[in-house]
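Heads up: the structure comes next, in C-alpha cells.
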Amino acid sequence: MSASSDDNIEIEYTVQENESIPIAIAQAVSSFHQCDPLDLPPLYNSIEADTLEKLANPPDAASGSKSNIQIEFVFAECHITVENNDRIVLRPTD
Numbered sequence: 047m048s049a050s051s052d053d054n055i056e057i058e059y060t061v062q063e064n065e066s067i068p069i070a071i072a073q074a075v076s077s078f079h080q081c082d083p084l085d086l087p088p089l090y091n092s093i094e095a096d097t098l099e100k101l102a103n104p105p106d107a108a109s110g111s112k113s114n115i116q117i118e119f120v121f122a123e124c125h126i127t128v129e130n131n132d133r134i135v136l137r138p139t140d
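Set out below in C-alpha cells:
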C-alpha cells in the first residue's frame with residue numbers, strides 16, 4: 047500500500063493473488079481508517095459484492111489476459127476505484 051505526498055491523499059492497494067476484490071477493499075479501507083475490517087459498515091450498503099467481483103474479474107481474466115476496467119463507488123467515507131482486477135485506489139470523501 048502506498049500514499050501520495052501532496053494534499054490530495056491517495057492510497058493504492060495491490061490485490062494479492064487469490065484475494066477477492068471485496069476482501070481487498072475491506073483490507074485497504076480498514077488500513078486507511080486504522081480499524082478492524084469488522085468495524086466497517088457492510089460493503090453491500092454501497093455496492094453488491096458478488097456483482098463487483100464479477101465485473102472486476104470477467105471470464106477473460108481467468109485466461110491471464112488483462113481487462114481494462116475501472117469501477118468507482120463510495121464506501122466508508124472513501125472514494126474507491128477498482129482498476130483492472132489488481133489495483134484499488136482510495137481517496138477520502140472529505
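Position one of the sequence shown corresponds to residue 47 (our numbering), numbered consecutively onward. We put the beta carbon where it would ideally sit given N, CA and C, even for glycine. Model, not experiment: these values are computed from the prediction.
Kindly list the residues whose CB is nearer than 6 Å to the CB of residue i, restricted to its own chain and excluding five residues on each side of it in sequence; keep chain order.
i: Arg137; result: Glu56, His125
Opposite residue i in the DSSP bridges: which residues?
i: Glu94; result: Note: Glu94 sits in no beta bridge, so no partner.
i: Thr127; result: Glu118, Val135
Identify, in the order they occur along the chain, each residue of the same chain with its Cβ nearer than 8 Å to the Cβ of residue i, setting aside the five sequence neighbours on each side.
i: Val120; result: Ser92, Ile126, Thr139
i: Ala70; result: Tyr59, Val61, Gln62, Ile134
i: Asn54; result: Arg137
i: Ala72; result: Pro83, Leu86, Leu89
Residue j and residue i - do their beta-carbons sit closer together than 9 Å?
i: Ser76; j: Pro83; result: yes
i: Asn131; j: Ile67; result: yes
i: Ala102; j: Val128; result: yes
Can you give the beta carbon distance from residue i to residue j, rounded, assuming they're within the 8 Å contact cut?
i: Ala98; j: Ile117; result: In the sequence as presented, Ala is not what sits at residue 98; that position holds Leu. With a Cβ gap of about 7 Å, Leu98 and Ile117 count as contacting.
Only counting the same chain, and skipping five residues up and downstream in sequence, which positions put a Cβ closer than 7 Å to that of residue i?
i: Phe78; result: Ile57, Cys124, Leu136
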